[in-house]
Amino acid sequence: MLRLLSLVLLLLAIGQVVNKKAQYRTERINFIYEKALQHVTDRQNLARLEKELSGYDAIYLASKSNRQGTQGTKDIEKIDDKLAKILEKYGLEKAVMAFKEKYKHKNLLQQTDDNEPLPSGKFTDENLQKLWSQAQNGKFSQKELHSLHGELKEVERKMRVYEDQLEDFKKVPHENSIHHDIEAIGDKTKKLKVANKELNDHLDEVHRKVTSEEYSPFSEPRVKRLWKLAQENEKLSQHELNVLKDELSHFESQLKKIEFHKEEVSRLQEDAEERGKGKAQVYENLELSIKHEKLNRKARKLEKYLEEKIIIHREL
1 MLRLLSLVLL LLAIGQVVNK KAQYRTERIN FIYEKALQHV TDRQNLARLE
51 KELSGYDAIY LASKSNRQGT QGTKDIEKID DKLAKILEKY GLEKAVMAFK
101 EKYKHKNLLQ QTDDNEPLPS GKFTDENLQK LWSQAQNGKF SQKELHSLHG
151 ELKEVERKMR VYEDQLEDFK KVPHENSIHH DIEAIGDKTK KLKVANKELN
201 DHLDEVHRKV TSEEYSPFSE PRVKRLWKLA QENEKLSQHE LNVLKDELSH
251 FESQLKKIEF HKEEVSRLQE DAEERGKGKA QVYENLELSI KHEKLNRKAR
301 KLEKYLEEKI IIHREL
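If you count by our numbering, then the sequence shown holds residues 1 to 316, one letter each, in order.
Structural data, given as structure tokens:
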């Protein structure tokens with residue numbers, strides 16, 4: 001009799017779970033809830049999550065009925081970001097992204113034909129805006145451009161996630177604080193690394209699609225070469241890469257300064273040749289040439305130092 005009662009209770013529990021899987025009105029929330037049933041084992045946590053998902057179910061439904069063009073898409077993205085934050089408490093922060101990835105191709109197929117106008121909203125990040133402009137000038141169909149715009153928007157969202165994680169990381173008391181918490185720092189560091197990797201990987205992928213080249217935050221060829229060398233070095237930690245990136249930014253600034261100085265020297269020389277060289281002008285041009293060579297030597301030394309620094313880390 002006891003075994004029979006246990007079996008009945010088990011069947012009732014299974015029935016409740018099956019019914020709960022489709023208890024929400026939006027596809028997105030039902031998808032997330034299915035993930036929750038697989039990962040959230042604590043009944044109290046699951047009950048709390050159910051209440052929060054009910055609220056977001058209503059928000060998504062209202063947003064869907066009021067959605068209009070670009071503004072509607074932005075509203076959905078903001079809701080997605082807030083929901084992802086809530087889901088962190090339950091270890092489900094990737095559920096929103098999983099839903100978007102699963103239905104990305106489905107949504108693309110549901111788009112209208114090639115006559116549909118492209119989104120006109122600008123990206124907040126300058127590099128993403130440049131990439132979007134480059135894509136529009138490339139050999140992409142209208143559907144491909146819609147897909148690329150969606151991917152760039154997703155990269156933009158990951159940028160916000162990374163920035164939020166970075167802000168959270170800064171708020172945690174560190175070594176010099178009396179409230180120093182090693183476990184909290186370790187958890188925040190892990191989340192920061194994951195957010196940074198997801199952002200960089202996706203950005204690289206979209207950049208290659210648009211330009212057929214790997215993404216680089218630098219424009220000078222000599223600096224891009226060193227950054228690529230550093231990116232290929234698996235022994236460099238994320239912190240070391242960040243430090244190196246700052247040093248490479250300084251190196252790029254020096255190269256741009258040298259280029260500007262070179263143009264200035266050429267302009268003065270041309271001007272002197274047109275008016276006829278005086279003795280004072282000859283000395284001035286000589287001084288500028290010496291200064292230019294000094295700047296070049298300094299840049300070469302810095303380039304050698306940075307290259308050796310990367311190579312030494314690779315050999316360690």
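Ideal Cβ positions, reconstructed from N, Cα and C, are used throughout, including at glycine.
Here the structure is a predicted model, which means the values were calculated and not measured.
Reducing DSSP to helix, strand and coil, say where residue i ends up.
i, result
"L226", "helix"
"G121", "coil"
"P217", "coil"
"T26", "coil"
"E308", "helix"
"L9", "Caution applies to L9, whose pLDDT of 44 falls short of 50 and renders its modelled position unreliable; the value that the coordinates give is listed next. Three-state result, L9: helix."
"N200", "helix"
"E240", "helix"
"L83", "helix"
"N233", "coil"
"K291", "helix"
"E93", "coil"
"S141", "coil"
"V194", "helix"
"T41", "coil"
"A299", "helix"
Please return the same chain residues whose Cβ sits closer than 7 Å to the Cβ of residue i, not counting the five positions on each side in sequence.
i, result
"T211", "Q134"
"K193", "Q238"
"E52", "I86"
"F31", "F99"
"I59", "I79"
"V8", "Model confidence at V8 stands at a pLDDT of 40, short of 50, so the residue's coordinates are unreliable; what they give is reported in the following sentence. Within the same chain, V8 has no close Cβ partners at all."
"I29", "L53, Y56, D57 and Y60"
"K309", "none"
"D125", "E156 and M159"
"F123", "Q129, W132, L152 and E156"
"R222", "L255 and E303"
"N45", "Y90"
"H261", "H292 and L295"
"I241", "The sequence as given places Leu at residue 241; Ile does not occur at that position. Within the same chain, L241 has close Cβ partners A230."
Excluding the 5 residues flanking residue i on each side, which residues of the same chain have their C-beta closer than 8 Å to its C-beta?
i, result
"E307", "L226 and L229"
"F140", "L148"
"I369", "Not covered by the structure: residue 369. The range shown for the chain is 1 to 316."
"S63", "G72, D75, I76 and I79"
"G138", "V210"
"Q136", "L118 and L145"
"K35", "L92, A95 and A98"
"H39", "Y90, G91 and L92"
"Y305", "none"
"E154", "K100 and H202"
Please return the same chain residues whose Cβ sits closer than 6 Å to the Cβ of residue i, not counting the five positions on each side in sequence.
i, result
"L244", "A230"
"E220", "E252 and L255"
Original post:
Between the stretch 287 to 300 and the stretch 245 to 264, are three or more C-beta pairs nearer than 8 Å?
Top reply: Short answer: they touch.
Original post:
Is it a yes or a no for the stretch 127 to 144 touching the stretch 201 to 212, going by three-plus beta-carbon pairs under 8 Å?
Top reply: yes
**OP:** May I ask you to verify whether the stretch 150 to 167 touches the stretch 72 to 88, counting CB pairs closer than 8 Å and requiring at least 3?
**Re:** yes
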